[in-house]
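*Asks:* Counting in numbering that gives the first Met the number 0, the sequence shown runs from 0 upward without gaps. Virtual Cβ for every residue (Gly too), placed ideally from N, Cα, C. These numbers were taken from a predicted model, which means no experiment stands behind them.
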Amino acid sequence: MPDDVASGREPDVRGLEFASERVQKVFEEGPLGIVVIGADLRFADVNPAICNFLGYRRSELLGRSFAEVTHPEDIEDEAGMAQQALQADGSYYRADKRLLTRSGATVWASLVITFVSDSESGPPNGLAMVVDINERKRTEEALRTSLETSRALLNVPIGSAILMELDGTIVALNSTAVERLPGEAGDLLGRSIYDLMPPETARSRKAAVRWVEASAEPERIEERTSDGWFITRIYPVLDDSGSVARVALYIRDITRLRHAEAALEESQSTVGALLAATPDMVFRMSADATFLDFLPATHLDPIVPPAEFIGRTARDVLPADVAEQVEKKIGLAIQSGDLQQHEYQLATERGTESFESRIAPIENNEVLAIIRDITERRTAQDALVKSEARWRSVGQQAPGTITTVDSDGRVSFVSRSLWSVDAESVIGTTIYDHLGPNDTADMRSRLDRVFASGESESCEVLFRSSDGRYTCWDNRIGPIVNDRTVEAAIMISTDVTARRRMNEELEHLRDELETRIEQSVSTDAAYGLSFRELTVLHLAAEGRSDKSIAAVLGISHRTVQTHITHILQKMNAANRAEASARAQREGLIV
0 MPDDVASGRE PDVRGLEFAS ERVQKVFEEG PLGIVVIGAD LRFADVNPAI
50 CNFLGYRRSE LLGRSFAEVT HPEDIEDEAG MAQQALQADG SYYRADKRLL
100 TRSGATVWAS LVITFVSDSE SGPPNGLAMV VDINERKRTE EALRTSLETS
150 RALLNVPIGS AILMELDGTI VALNSTAVER LPGEAGDLLG RSIYDLMPPE
200 TARSRKAAVR WVEASAEPER IEERTSDGWF ITRIYPVLDD SGSVARVALY
250 IRDITRLRHA EAALEESQST VGALLAATPD MVFRMSADAT FLDFLPATHL
300 DPIVPPAEFI GRTARDVLPA DVAEQVEKKI GLAIQSGDLQ QHEYQLATER
350 GTESFESRIA PIENNEVLAI IRDITERRTA QDALVKSEAR WRSVGQQAPG
400 TITTVDSDGR VSFVSRSLWS VDAESVIGTT IYDHLGPNDT ADMRSRLDRV
450 FASGESESCE VLFRSSDGRY TCWDNRIGPI VNDRTVEAAI MISTDVTARR
500 RMNEELEHLR DELETRIEQS VSTDAAYGLS FRELTVLHLA AEGRSDKSIA
550 AVLGISHRTV QTHITHILQK MNAANRAEAS ARAQREGLIV
């Protein structure tokens with residue numbers, strides 16, 4: 000016998016000896032409940048089957064009587080008949096009765112008690128055989144109805160319903176059955192159902208009906224035909240004596256159900272595959288934060304093996320502060336029905352690791368806790384924050400203003416107030432919103448070239464300040480490259496307004512000085528060239544470019560071009576080379 004059944008004392012068989020090993024095996028392993036009863040009508044021994052049936056341990060049943068485990072309404076009959084069987088040696092007591100389980104539930108049992116007197120052993124002893132008839136009782140109760148009730152059931156829309164004699168003659172049928180069978184309702188009544196079936200199906204149904212007639216229990220048949228999937232249930236219809244008089248066939252089309260199940264199975268397979276490949280650990284937990292189940296991740300292991308946390312609470316496994324967070328989030332998830340999220344850190348053998356927890360409520364006051372390792376992401380975020388802090392510090396200490404823009408010129412970062420405009424108000428706008436009207440096209444083309452070529456550009460442009468004034472800024476524009484792609488541009492801007500104003504003033508003073516010098520020299524200069532034009536012609540004769548001449552004289556490139564044009568016109572020269580050669584030949588320049 001099992002360990003929880005065995006007790007310290009030897010079974011008191013009271014004269015009944017199990018003579019063979021086979022009998023002993025039936026007692027210990029058989030499906031029928033067996034009770035050895037003493038002369039006092041109390042249990043002397045019980046087998047595991049009766050213990051399992053009633054939910055008691057063997058030690059709890061020994062010494063009890065059937066009266067103690069019998070439903071109160073059946074005790075009186077049980078006591079009288081048992082006493083009668085006890086007094087009549089060799090007789091037996093048989094009854095279907097209700098017994099009470101250890102939990103107080105009612106179960107039906109077929110009970111047969113035989114008492115045998117042995118003069119050498121003393122008073123008579125009894126052997127009780129207990130059979131579980133719960134299912135039979137439920138079936139009998141459900142099917143003990145009148146013919147009128149059976150006919151009423153035929154009209155319930157549950158599929159095809161047919162009431163027939165035991166030989167297959169149709170007595171009644173519902174509209175669904177009429178639609179499925181060949182012929183009209185009047186023609187079908189009185190015909191044999193078997194004549195309307197394929198031969199093989201008819202043989203199968205006849206065998207099923209014979210079984211229902213013999214057992215008085217329903218039969219269920221599921222089959223697939225060319226028309227789809229069907230379930231046929233054959234129920235016995237009992238007469239007043241409890242004998243099977245007719246049978247009722249209920250045929251239900253479950254084709255859609257089977258297709259839905261197949262789709263569900265496929266979906267579950269897909270979900271299973273997704274879960275098997277998920278990078279997250281999944282824990283099923285109760286409302287009190289007890290770990291109930293666990294689904295591992297592909298590349299992530301729990302901090303302790305599942306055997307060490309299944310059945311235990313979060314406080315038993317996790318640090319107190321983390322466990323408190325988990326309990327709080329579980330409570331909120333169950334109360335609100337919404338997903339709850341939080342992040343926490345744990346000290347593991349690999350160091351301090353960061354995790355993200357998403358807690359979703361499910362049925363029965365339980366939750367699914369989905370845990371993801373975010374250590375790498377958190378490390379990268381921390382590094383980014385530090386990098387941004389260093390970047391901002393560098394930007395604030397740099398002599399110029401640092402700005403980052405996207406390919407549309409939209410500002411995403413600025414190190415300080417820019418173009419006399421507050422830094423925060425600049426972010427999100429484009430640099431074109433702040434340019435002078437004549438510089439927008441030039442800046443846009445330079446920015447496009449930076450993103451297209453990855454090469455740097457530079458330019459001087461006018462920016463409009465918040466009070467409407469324009470200031471001049473020198474800009475160095477460079478690419479920010481990630482994985483060989485220009486993701487943004489960085490622009491280092493320096494305010495050169497004062498320098499430009501000073502250069503303009505110097506140029507103005509130089510022009511005034513040159514004018515005075517020209518006025519002091521002869522006005523009969525060859526070709527009517529001015530002093531500045533002679534200077535430009537002299538530098539051009541040396542082979543200097545317009546850009547070089549502009550740098551030497553401190554004038555703009557455009558001004559040099561204007562002087563060259565005037566020189567060629569006054570000297571009636573085709574080009575600067577001809578003008579230079581004539582000036583040297585005529586001694587205008589040395």
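May I ask you to report which of helix, strand or coil DSSP gives residue 333?
*Replies:* As a working note, residue 333 is residue 334 in the sequence shown. Residue 333 falls in the helix class under three-state DSSP.
*Asks:* Using the rule of at least 16 other Cβ atoms within 10 Å of the residue's Cβ for burial, across every protein chain shown, is residue 180 buried or exposed?
*Replies:* Here residue 180 refers to the residue found at position 181 when the sequence shown is read from its first residue. That one is buried.
*Asks:* Straight-line CA distance for residue 94 to residue 132?
*Replies:* Position 95 of the sequence shown, counted from the first residue, corresponds to residue 94. Position 133 of the sequence shown, counted from the first residue, corresponds to residue 132. Spanning the two alpha carbons is a distance of roughly 12 Å.
*Asks:* Verify the contact flag: residue 569, CB atom, against every heavy atom of the ligand NAP, threshold strictly below 7 Å.
*Replies:* Within the structure as shown, the ligand NAP is missing, as the structure has no ligands at all.
*Asks:* When the distance is taken between beta carbons, is residue 290 closer than 8 Å to residue 311?
*Replies:* Locating residue 311 in the sequence shown gives position 312, where the first residue counts as 1. Locating residue 290 in the sequence shown gives position 291, where the first residue counts as 1. In contact: residue 311 and residue 290 (Cβ atoms closer than 8 Å).
*Asks:* Would you kindly check if the distance between the Cβ of residue 462 and the Cβ of residue 433 is under 8 Å?
*Replies:* The sequence position of residue 433 within the sequence shown is 434, counting from 1. The sequence position of residue 462 within the sequence shown is 463, counting from 1. Taking 8 Å as the Cβ cut-off, residue 433 and residue 462 qualify as a contacting pair.
*Asks:* Report all residues from its chain with a CB closer than 8 Å to the CB of residue 212; omit the five preceding and five following residues, and keep chain order.
*Replies:* Numbered from its first residue, the sequence shown carries residue 212 at position 213. If we look at residue 212 and ignore the five residues flanking it on each side, its Cβ neighbours are 165, 235, 243 and 246.
*Asks:* Within this structure, are the beta carbons of residue 532 and residue 565 separated by less than 8 Å?
*Replies:* The residue labelled residue 532 in the question sits at position 533 within the sequence shown. The residue labelled residue 565 in the question sits at position 566 within the sequence shown. Yes, the pair counts as a contact, with Cβ atoms nearer than the cut-off.
*Asks:* Using a Cβ distance threshold of 8 Å, determine whether the segment 445-454 contacts the segment 484-494, with at least three qualifying pairs required.
*Replies:* The segment 445-454 vs the segment 484-494: in contact.
*Asks:* Please report the distance separating the alpha-carbon of residue 539 from that of residue 384.
*Replies:* Translated into the one-based positions of the sequence shown, residue 539 becomes position 540. Translated into the one-based positions of the sequence shown, residue 384 becomes position 385. Rounded to whole angstroms, residue 539 to residue 384 spans 57 Å at the Cα level.
*Asks:* Based on the DSSP secondary-structure assignment, which residues constitute the bridge partners of residue 240?
*Replies:* Counting from 1 along the sequence shown, the entry for residue 240 is found at position 241. Paired residue(s): none; residue 240 is not in a bridge.
*Asks:* Give every residue of the same chain whose Cβ lies closer than 7 Å to the Cβ of residue 570, excluding the five residues on either side of it in the sequence, and list them in chain order.
*Replies:* Counted from its first residue, the sequence shown places residue 570 at position 571. If we look at residue 570 and ignore the five residues flanking it on each side, its Cβ neighbours are 526, 578 and 581.
*Asks:* Which value, in whole angstroms, describes the spacing of the CA atoms of residue 435 and residue 583?
*Replies:* Within the sequence shown, numbered from 1, the residue matching residue 435 stands at position 436. Within the sequence shown, numbered from 1, the residue matching residue 583 stands at position 584. Computed Cα separation, rounded: 45 Å.
*Asks:* Distance check for residue 353 and residue 230, CA to CA, integer angstroms please.
*Replies:* To locate residue 230, count along the sequence shown from 1; it is residue 231. To locate residue 353, count along the sequence shown from 1; it is residue 354. Approximately 55 Å, taken between the alpha carbons.
*Asks:* Within the same chain, show all residues whose beta-carbon is closer than 6 Å to that of residue 172, passing over the 5 residues directly before and after it, in chain order.
*Replies:* Here residue 172 corresponds to residue number 173 of the sequence shown, with the count starting at 1. If we look at residue 172 and ignore the five residues flanking it on each side, its Cβ neighbours are 161.
*Asks:* Does the pairing of the segment 198-205 with the segment 278-285 give three or more beta-carbon distances under 8 Å?
*Replies:* The segment 198-205 vs the segment 278-285: no contact.
*Asks:* Return yes when the Cβ of residue 456 is within less than 8 Å of the Cβ of residue 472, no when it is not.
*Replies:* Start at 1 with the first residue of the sequence shown, and residue 472 comes out as number 473. Start at 1 with the first residue of the sequence shown, and residue 456 comes out as number 457. Cβ atoms of residue 472 and residue 456: not closer than 8 Å.
*Asks:* CB-CB under 7 Å to residue 339, same chain, minus the five flanking residues each way: which ones, in chain order?
*Replies:* Taking the sequence shown and counting its residues from 1, one reaches residue 339 at position 340. Result list for residue 339: 328, 331, 332 and 358, in chain order.
*Asks:* Tell me the DSSP secondary structure of residue 128 in three-state form.
*Replies:* As a first step, residue 128 is located in the sequence shown; it is residue number 129 there, counting from the start. Reduced to three states, the DSSP call for residue 128 is strand.
*Asks:* Could you name the residues that DSSP lists as bridge partners for residue 400?
*Replies:* By 1-based counting over the sequence shown, the position of residue 400 is 401. Bridge partners of residue 400: 492.
*Asks:* Where does residue 182 sit, in a helix, a strand or coil, going by DSSP?
*Replies:* In the sequence shown, residue 182 corresponds to position 183, counting from 1. Reduced to three states, the DSSP call for residue 182 is coil.
*Asks:* Are residue 429 and residue 453 close, meaning C-beta to C-beta below 8 Å?
*Replies:* As a working mapping, residue 429 is identified with position 430 in the sequence shown. As a working mapping, residue 453 is identified with position 454 in the sequence shown. Taking 8 Å as the Cβ cut-off, residue 429 and residue 453 do not qualify as a contacting pair.
*Asks:* Please tell me whether residue 493 and residue 470 are closer than 8 Å, where the distance is taken between their beta carbons.
*Replies:* Residue 493 sits at position 494 when you count from the first residue of the sequence shown. Residue 470 sits at position 471 when you count from the first residue of the sequence shown. For residue 493 and residue 470, no; Cβs fall outside 8 Å.
*Asks:* Do residue 163 and residue 31 count as a contact pair if the criterion is CB distance below 8 Å?
*Replies:* Mapped onto the sequence shown, residue 31 falls at position 32. Mapped onto the sequence shown, residue 163 falls at position 164. The answer is no: Cβ separation not under 8 Å.
*Asks:* Give the straight-line distance between the Cα atoms of residue 49 and residue 64, rounded to the nearest whole angstrom.
*Replies:* By 1-based counting over the sequence shown, the position of residue 49 is 50. By 1-based counting over the sequence shown, the position of residue 64 is 65. Using only the alpha carbons, I get a separation of about 13 Å.
*Asks:* Can you tell me whether residue 105 is buried or exposed? The criterion is at least 16 other CB atoms within 10 Å of its CB, across all chains shown.
*Replies:* The residue labelled residue 105 in the question sits at position 106 within the sequence shown. The residue in question, residue 105, is exposed, as its Cβ has fewer than 16 Cβ neighbours within 10 Å.
*Asks:* Rounded to whole angstroms, what's the CA-CA distance from residue 111 to residue 241? Just pull it up for me.
*Replies:* Numbered from 1 along the sequence shown, position 112 holds the residue referred to as residue 111. Numbered from 1 along the sequence shown, position 242 holds the residue referred to as residue 241. Going by the C-alpha atoms only, they are around 21 Å apart.
*Asks:* Taking residue 224 as the reference, which of 373, 253 and 563 has the closest Cα?
*Replies:* The sequence position of residue 224 within the sequence shown is 225, counting from 1. Per the Cα distances, 253.
*Asks:* Since residue 113 contacts residue 98 with CB under 8 Å, what's their CB separation in whole angstroms?
*Replies:* Here the question's residue 113 lines up with position 114 in the sequence shown. Here the question's residue 98 lines up with position 99 in the sequence shown. With a Cβ gap of about 18 Å, residue 113 and residue 98 do not count as contacting.
*Asks:* Under 8 Å between the Cβ atoms of residue 476 and residue 498?
*Replies:* Position 477 of the sequence shown holds residue 476. Position 499 of the sequence shown holds residue 498. Not in contact: residue 476 and residue 498 (Cβ atoms no closer than 8 Å).
*Asks:* Measure the alpha-carbon distance for residue 59 versus residue 343 and round it to whole angstroms.
*Replies:* Mapped onto the sequence shown, residue 59 falls at position 60. Mapped onto the sequence shown, residue 343 falls at position 344. Taking the straight line from one Cα to the other gives about 51 Å.
*Asks:* Do residue 321 and residue 288 have their CB atoms nearer than 8 Å?
*Replies:* Position 322 of the sequence shown, counting from 1, holds the residue named residue 321. Position 289 of the sequence shown, counting from 1, holds the residue named residue 288. Not a contact, by the Cβ cut-off of 8 Å.
*Asks:* With respect to the alpha helix (DSSP H) encompassing residue 563, which residues constitute its N-terminal and C-terminal limits?
*Replies:* Taking the first residue of the sequence shown as 1, we reach residue 563 at position 564. Residue 563 -> alpha helix (DSSP H) spans 556-570.
*Asks:* Under a Cβ-count criterion, where at least 16 other Cβ atoms within 10 Å of its own Cβ denotes burial, should residue 563 be classed as buried or exposed?
*Replies:* For the purposes of this step, residue 563 is taken as residue 564 along the sequence shown, with counting starting at 1. Buried: at least 16 other Cβ atoms inside 10 Å.
*Asks:* Between 33, 158 and 192, which lies nearest to residue 167 when the distance is taken from Cα to Cα?
*Replies:* Walking along the sequence shown from the start, residue 167 turns up at place 168. Selected option, being the one with the closest Cα: 192.
*Asks:* At the level of alpha carbons, what is the spacing between residue 29 and residue 305?
*Replies:* The residue labelled residue 29 in the question sits at position 30 within the sequence shown. The residue labelled residue 305 in the question sits at position 306 within the sequence shown. Computed Cα separation, rounded: 38 Å.
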